[in-house]
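Here's the structure we're looking at; comments come further down.
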Amino acid sequence: MQNIFKQEWFSRLIDVMLPVFATLAALGVGAVMLLLLKVNPFVAYGAMFEGAFGSGNSIAETLVKATPLLLVGLGICISFRGSVINIGGEGQMIIGALLATQMGLMFTDLPGWFVIVLALLMGFVGGALWGGIAGYLKAYFGVNEILTTVMMNAIAVQLMNFLLRGPMIDPSQAQLASKIPQTARLLDAFRLPRWMPTRLHLGFLIAVVLAFLVYILLWRTTLGYRIRAVGKNPDASRYAGINVKRQIVLALLLSGAFAGLAGAIQVYGVNYRMITDGSASGFTGSAGFNGIVAALFGQLHPLGTIPASILFGALLVGANKMQRVVQVPSALVIALNGLVVVFVVSSDYWRRKRQRRRLAQARIEEDDEPDEEPGAASPAQTEVVA
Amino acid sequence: MKSKLLVLFVILALVLTACGSGGEKAGGGTFKVAVVMPSSIKDLAFSQSMYDALLKVQAEKGGEANFQIVYSENMFVVDDAAAAIRDYATQGFDLIIAHGSQYGSSLQEIAPDFPETAFAWGTTVDTFGQPNIFAYEARAEEGGYVNGVLAASLSKSGVVGVVGPIETGDAKLYIDGFVSGARATNPNVQVNVNYIGSFSDVALASEAANTHVAAGADALSGTAQMVVGAIGVAKENGALWFGTQSAQTSLAPSIVVANQVYHWEVVLNDMIKLINDGTYGGKSYALTLKNDGLVMEYNPDYSIPADVKAKADETVKGIIDGSVVIMLPSK
Amino acid sequence: MISELFTATVLIGILASGIRLATPYLYAAIGETFGQRSGVLNLGVEGQMLLGAFAAFYVSLMTGNLWLGILAAAFVGALMGLGMAYVTVNLQAEQGISGIGFYLFGLGLSDLLFQKLMGSVQTVKGFPKLVIPGLTNIPVLGEIFFNHNILVYGAYLLVPLAWFVLNKTTLGLKIRSVGENPEAADSLGISVAGVRYFTIILGGTLSGIAGASLSTALLNVFQQNMTSGLGFIAVALVYFGGWRPWGVLGGALLFSLINSLQLWIQVLNIPIPSDIAIMMPYILTILVLVLTVSRVRAPSALTKPFTRSE
């Protein structure tokens, strides 16, 4: 019987739990802030936990929140593996949602399942288009994708405002003086099936299934291999005969497509219409940004992104509940989320450190050469070994 | 890995089916109100107007023991607001206010599940035919019109500027009313409008005001919470300011002439009375000058010429008795 | 109506307002340029700006001294930079994500402090317009270029200064070599960590001042989330400028001038829907970059943490 602390599975478990520990540490700092606001941190965090996991309904809410994070996160897994930074998720979600909504508004006499499938496909296409533009400009014009995606987020918001105020406006609102910028409501038949009486919709399951598909795409297909190869070493890939430019376009296109799908699912699963308050986050709930964080929490692995987005979704849902119960300003909750992100992303340091140590240990045992240099193995290298 | 996930799903499924929604209605004499707002309770604009009104009602009812207020602010994410509304409903609040036109859709979904809870939605006239939804709106164009009359009368350059967020809803009503009031007073007055496409971009709102000043405007107005930037510009350039939604005088006491202030307490008091009598909705309200829901509040530190003040009062009277008709653009 | 765009008032108005609008972008983007030249991408600029804006506003309001306010903004920005430096240099965290974390932290904390310490929106008497004898009085040009407050002038003076430091000093050489080839720099005895700490803290300081330029010089108010995405645009402008101060200046001016142009288009009643007008600066910034593409290569070590090999 070996010492439990030396066993491989225990060591792996600690790696997996590191983000959770980091989250707890950040909440510890948050507790000090709560005390300064004269709020009992136990009550506050109790409310947070209850809001996220306290009942069937809160778990459902958490999963509803996690759905767009997971979808955007899957796209991020693809683009970051291809060394492309896509911070245009917000805009891509909006364009996907607009195209998808238009399907539901146009084809009111087609069967429900058909319109849903068509709409989700169009969401995929819309996001792909918006992401693909950034990819094309990067690959063929050398325009940096951070610049284009930031700018295209703003363009998408104004496009949404323009369409919802004008061409796509709810006919009943068009007659009123106030003209609320929203589309007509989708027919009941076009709604994604829900787990009554909660709001949990089929979109979550779709996202989980897609996570497995993205895993297969990235590690079991040539396309995925090429994207990752270009991400790791573009020069070597070029020598190996890979069309680097095309992979860059594809990485952003696919990444955008998943965000677009997230937007479409948000409309068909949650809101049942498109509505704007003039900002991107009013519709997206900042999932375009938070999805990046979720993917990183999941260590850019599609399957790791599943629990990571649930954790982050729980945090968001729980934080809103905390605001309602102890009436702390929502600002505190935002600051707290920021702390969690910083702590979790920093905690990766210890994971890498442990991984290096493990690797060195393994070599020692293999070669029976106790004084071999451990060397600085990057995560990329260890992956090849493992 | 896969089998673990499967187990997770099974557990999840069990939990979800086991727990339905439900909740106890809070008994006793305390009237409990929950409000969900898109911006902060201190935004000097739309959200604050509701929060201030609730505080006023609370004071009239004798404090927290009789009238309890809880709020969720900065709920600009429509989906989060829906979750908040549903959560409040399960907790048995007497009245749940969805203070933003973007929340209507969510309310339409939620209200039928809680027939014993009263909901209110603004700003709109639509109760979706639900017996437990009240609708409320502000006829922002009325005060806008009065402000327009004042601005056109007080402007020496004959150029007036207005800064708006997005060309819809309450903002559009106010601005259209303002433009038509100014034009009715002086057909030669030039009213310039620019929308900045955001409710939060204070810097662009400020530059929009700068643009108006450069175009010769000496009287400015604007609506929504980002106009604080524009008020600063008005102050710096000695241009007059006409406010709306909440009282904005404190920001620039020397140049604010008048504010159209929303007094939602008019609407709230009637709703509370109906709810106590067992009616949970079905009625739609409008704040108007006539029902004192909209009040023109003048800045005591700004000495407004007597004839202009008289003209404004006359306009208010005309709007109330219907002799002044506000023509809004049909587009 | 379109012809009205070409009257003197309008043209002067567009230019003067473009110059004002570019001010916060310049401070923040020049700061970011230093960071990126040394290999660190900081997406948290917006959060640093918001905290800087609040610090400057609050200190000015309390003490009545605007310069103390600027100092406070610089200090708070530097502190945020220090945090970012520790996380990205020592802990080697993913830079983009850390930046998003610091952005959220600044966004929340500035709003929280605002609500707890001030409670409601107030105004301060900000930096007045600084009349430069002999220059401000020049017709037209004076009105466009020399009729601003001191922080606006400061932003433009920063551009040649940054260019000089980056290209003509040993410090600049160190920064650039750390960003291009940290291994080589390290072998030459340059402290990679030290240089990166310096540039990230400098970037934070300048972002703090960018915020201060909004809250105590251009707008003279503080409101939650008042930067409204400005910090992200500033990061984008660094890419536009190809990591060169003059390029950043070009980008900031282009973006701001088109933004003021679209405000005028609406004022002059030129029949373009407002949303479409608002899109213009974003679309044109991308278009100009596509058309004039200079294919400047990014610093090779950008976003890559440096580990010293034994």
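In the order they appear, the protein sequences are chains A, B and C.
So the first sequence is numbered by this note's numbering: it starts at 123 and just counts up by one.
So the second sequence is numbered by this note's numbering: it starts at 1405 and just counts up by one.
So the third sequence is numbered by this note's numbering: it starts at 19 and just counts up by one.
For each residue, glycine too, the CB sits at the ideal point set by N, CA and C.
Only a predicted model underlies this, so the values are computations on that prediction, with no experimental measurement involved.
Using a Cβ distance threshold of 8 Å, Ala219/A and Gly195/A do not count as a contacting pair.
Taking a beta-carbon distance threshold of 8 Å, His1616/B counts as an interface residue toward chain C. Residue-level contact by beta carbon holds for Gly119/C and chain A, with a gap shorter than 8 Å. With fewer than 16 neighbouring CB atoms inside 10 Å of its own CB, Tyr361/A falls in the exposed class. The three-state reading of DSSP puts His1616/B in helix, counting H, G and I together. Near chain B, meaning a CB-to-CB distance below 9 Å, the residues of the region 393-416 of chain A are Asn393, Tyr394, Arg395, Ile397, Thr398, Asp399, Gly400, Ser401, Ser403, Gly404, Phe405, Thr406, Gly407, Ser408. In the structure shown, Gln1664/B adopts extended strand secondary structure according to DSSP, grouped into three states. Between Glu1545/B and Leu1693/B, the beta carbon gap of about 11 Å keeps them out of contact (Cβ cut-off 8 Å). Chain-order list of chain C residues neighbouring Ile268/A: Val253, Ala254, Tyr257, by C-beta distance under 7 Å. Note that the C-beta distance between Phe240/C and Phe93/C is not below 8 Å.
Unbroken alpha helix (DSSP H) stretches of 4 residues or longer found wholly inside the region 206-246 of chain A: 211-228, given in chain order. The region 255-265 of chain A makes contact with the region 206-215 of chain A: 3 or more CB pairs, one atom from each, lie closer than 8 Å.
The Cβ-Cβ distance between Phe1582/B and Gly1552/B falls below 8 Å. For the region 1564-1578 of chain B, the beta-carbon criterion of a distance under 8 Å to any beta-carbon of chain A is satisfied by Pro1569, Ile1570, Glu1571, Thr1572, Gly1573, Asp1574, Lys1576, Leu1577.
In this structure, the alpha-carbon of Phe236/A lies about 11 Å from that of Arg313/A. Closer than 9 Å at the C-beta level to chain B, one finds no residue of the region 83-95 of chain C. For the region 1691-1714 of chain B, there are no residues whose beta carbon sits under 7 Å from a beta carbon of chain C. Neighbours of Pro1442/B in chain A, taken as residues whose beta carbon is under 7 Å from its own, are Asp399 in chain order.
If you draw a 10 Å sphere on the C-beta of Tyr300/C, you find 16 or more other C-beta atoms in it, and that means buried.
In the structure shown, Ala319/C adopts coil according to DSSP, grouped into three states. Asn167/C is outside the set of residues whose beta carbon lies under 8 Å from a beta carbon in chain B. Contiguous beta strand (DSSP E) elements confined to the region 1542-1583 of chain B occur at 1563-1568, taking only those with 3 or more residues. Closest option to Ala188/A, judged by alpha-carbon separation, among Glu488/A, Ser408/A, Val467/A, Val462/A: Ser408/A. Counted as a single uninterrupted DSSP element, the beta strand (DSSP E) harbouring Leu1691/B occupies residues 1688-1691. Counting C-beta pairs with one atom in each stretch, the region 1564-1579 of chain B and the region 1594-1602 of chain B have three or more that are closer than 8 Å, which means they touch.
Going by beta carbons, Lys1715/B and Ser1557/B fall inside the 8 Å limit. Here DSSP, grouped into helix, strand and coil, assigns Gly269/C to helix. When Cβ pairs closer than 8 Å are counted between the two stretches, the region 1649-1669 of chain B is seen not to touch the region 1481-1495 of chain B, the count staying below three.
Collapsing the DSSP output to three states places Ile291/A in coil. Per the coordinates, the alpha-carbon of Ser1476/B lies some 19 Å from the alpha-carbon of Lys160/A. Shown here, Tyr1706/B sits in coil according to DSSP, grouped into three states, outside any helix or strand. Annotation for Thr245/C: Glu64, Met67, Leu68 place their beta carbon closer than 6 Å to its own, counting only its chain and skipping 5 residues before and after. Below 8 Å, too few C-beta pairs join the region 136-155 of chain C and the region 120-127 of chain C to call them touching: fewer than three.
By the Cβ-count criterion, Ala1623/B is buried, with 16 or more other Cβ atoms from all chains shown falling within 10 Å of its own Cβ.
Contacts with chain C at 8 Å (Cβ-Cβ) do not include Phe380/A. Any Cβ of chain C closer than 8 Å to the Cβ of Ser468/A would place that residue at the interface, and such an atom is present.
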